[in-house]
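Visitor:
Residue numbers (UniProt numbering): 1 to 227.
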């Protein structure tokens, strides 16, 4: 996934980055690292592992990931303007290259800053096995990001590689893990993962951390608190 601006130099910036990506993904050690990373993540989540096995129709998860990573990569370029020059330039890039034109519109002269997003889908929904009813997109207000949506004092946790990682919500959606304060669930998740010896640089903290609902006692993903 390559996120760019149409104003960036095409042959001095965008194309060289895509070329470096292709060269990097061709490396044997890089492919093995990716395969092991995806496999470890799936194995630490029994629900996810069961869903993957159901989708692929077998229990050979590692083989499925290995075959997937060994195949030619699909490259998606997210850019604010699709140009004929870009379409011509990507012909020299190996792999399945798709362009996603993404634009943001903002209404001026109102007190609430609300963004509207316009983009073209990169998948054909008609070819999907199961049909679903698309839900309308919701405008995202920047002011809402400042509100605390995580209850202070809530204990969160994650079983990762047979290690129980625990953290606590403090004020302003911040997370306290291992004596340190992190500004977001994702940063705290990365710190937690790296505390086990992993070198993973990114993680979606909202889907990483779990908590027990104090009312129902049910285990939930932290992401449920944003809904």
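For glycine and all other residues, C-beta sits at the position ideal for the given N, C-alpha and C. From a predicted model like this one, the values you see are computed outputs, not experimental measurements.
1. Let me know the secondary structure DSSP gives residue 89 once reduced to three states.
2. Is the number of C-beta pairs between the stretch 178 to 193 and the stretch 63 to 77 that are closer than 8 Å three or more?
3. Leaving out the 5 sequence neighbours to the left and right, which residues in its chain are closer than 8 Å to residue 130 when beta-carbon positions are compared?
4. Mapping DSSP to helix, strand and coil, what is residue 303?
5. Please report the residue range of the beta strand (DSSP E) in which residue 188 lies.
6. Thinking just about the alpha-carbon of each residue, which of 76, 51 and 38 is nearest to the one in residue 228?
7. Cβ-heavy atom distance between residue 10 and the ligand NAD below 7 Å?
8. Do the stretch 146 to 160 and the stretch 189 to 199 meet, that is, are 3 or more Cβ pairs less than 8 Å apart?
9. Measuring CA to CA, which of 164, 118, 35 and 89 is closest to residue 208?
10. Drop a sphere of 10 angstroms on the beta-carbon of residue 182, count the other beta-carbons inside from all chains shown, and report buried for 16 or more, exposed for fewer.
11. Buried or exposed, going by whether 16 or more other CB atoms sit within 10 Å of the CB of residue 224?
12. Could you compute how far the alpha carbon of residue 45 sits from the alpha carbon of residue 65?
13. With residue 119 and residue 102 assumed to form a contact (beta carbons below 8 Å), what rounded beta-carbon distance in angstroms separates them?
14. DSSP on residue 36, reduced to helix/strand/coil?
15. Can you give the Cα-Cα distance for residue 198 and residue 86, rounded to whole angstroms?
16. Apart from the five residues just before and just after residue 220, which ones in its own chain have a Cβ nearer than 8 Å to its Cβ?
17. Keeping to the same chain, check which residues put their C-beta closer than 7 Å to that of residue 52; ignore five residues upstream and five downstream.
18. For the beta strand (DSSP E) containing residue 106, name the first residue and the last one.
19. Suppose you measure from the CA of residue 47 to the CA of residue 200; what does that come to, to the nearest Å?
20. I need the straight-line Cα distance from residue 179 to residue 204, nearest angstrom please.
21. Mind checking whether residue 97 and residue 79 have CB atoms under 8 Å apart?
22. Would DSSP call residue 6 helix, strand or coil?
Guide: For this structure:
1. Here residue 89 is taken as the residue at index 89 of the chain shown, counted from 1. Looking at residue 89 - three-state DSSP - the assignment turns out to be helix.
2. no
3. Taking the chain shown and counting its residues from 1, the one referred to as residue 130 is at position 130. Reliability fails at residue 130, whose pLDDT of 48 lies under 50, so the model's placement of it is uncertain and no value is given.
4. Any property of residue 303 remains undetermined from this structure, which presents the chain solely from 1 to 227.
5. Position 188 of the chain shown, counted from the start, is the residue given in the question as residue 188. Taken as a continuous stretch (DSSP letters only), residue 188 belongs to no beta strand (DSSP E), being part of the alpha helix (DSSP H) at 185 to 194.
6. The first residue shown for the chain is 1 and the last is 227, placing residue 228 beyond what the model contains.
7. The ligand NAD is absent from the structure shown, which contains no ligands of any kind.
8. yes
9. By one-based count along the chain shown, residue 208 stands at place 208. Nearest of 164, 118, 35 and 89 to residue 208, Cα basis: 164.
10. One-based indexing of the chain shown puts residue 182 at position 182. Its Cβ being crowded by 16 or more others within 10 Å, residue 182 is buried.
11. The residue labelled residue 224 in the question sits at position 224 within the chain shown. Under this definition residue 224 is an exposed residue.
12. Counting from one through the chain shown, the residue named residue 45 turns up at place 45. Counting from one through the chain shown, the residue named residue 65 turns up at place 65. C-alpha separation (whole angstroms): 16 Å.
13. As a position in the chain shown, residue 119 is number 119, starting the count at 1. As a position in the chain shown, residue 102 is number 102, starting the count at 1. Right, their Cβ atoms sit about 4 Å apart.
14. Your numbering for residue 36 matches position 36 in the chain shown. Looking at residue 36 - three-state DSSP - the assignment turns out to be helix.
15. Taking the chain shown and counting its residues from 1, the one referred to as residue 198 is at position 198. Taking the chain shown and counting its residues from 1, the one referred to as residue 86 is at position 86. For residue 198 and residue 86, the distance between alpha carbons rounds to 37 Å.
16. For this step, residue 220 is matched to residue 220 along the chain shown. The answer, listed in chain order, is 210, 211, 212 and 213.
17. Reading the chain shown from its first residue, position 52 is the one you call residue 52. So the list reads 42 and 61, once near-sequence residues are dropped.
18. Reading the chain shown from its first residue, position 106 is the one you call residue 106. From DSSP, the beta strand (DSSP E) with residue 106 extends over 96 to 106.
19. Here residue 47 refers to the residue found at position 47 of the chain shown. Here residue 200 refers to the residue found at position 200 of the chain shown. When rounded, the distance between both Cα atoms is 21 Å.
20. For the purposes of this step, residue 179 is taken as residue 179 along the chain shown, with counting starting at 1. For the purposes of this step, residue 204 is taken as residue 204 along the chain shown, with counting starting at 1. So the alpha carbons of these two residues sit roughly 21 Å apart.
21. The residue given as residue 97 occupies position 97 in the chain shown. The residue given as residue 79 occupies position 79 in the chain shown. No; because the gap between Cβ atoms is not below 8 Å, this pair is not in contact.
22. Counting from one through the chain shown, the residue named residue 6 turns up at place 6. Note: residue 6 maps to coil in three-state DSSP.
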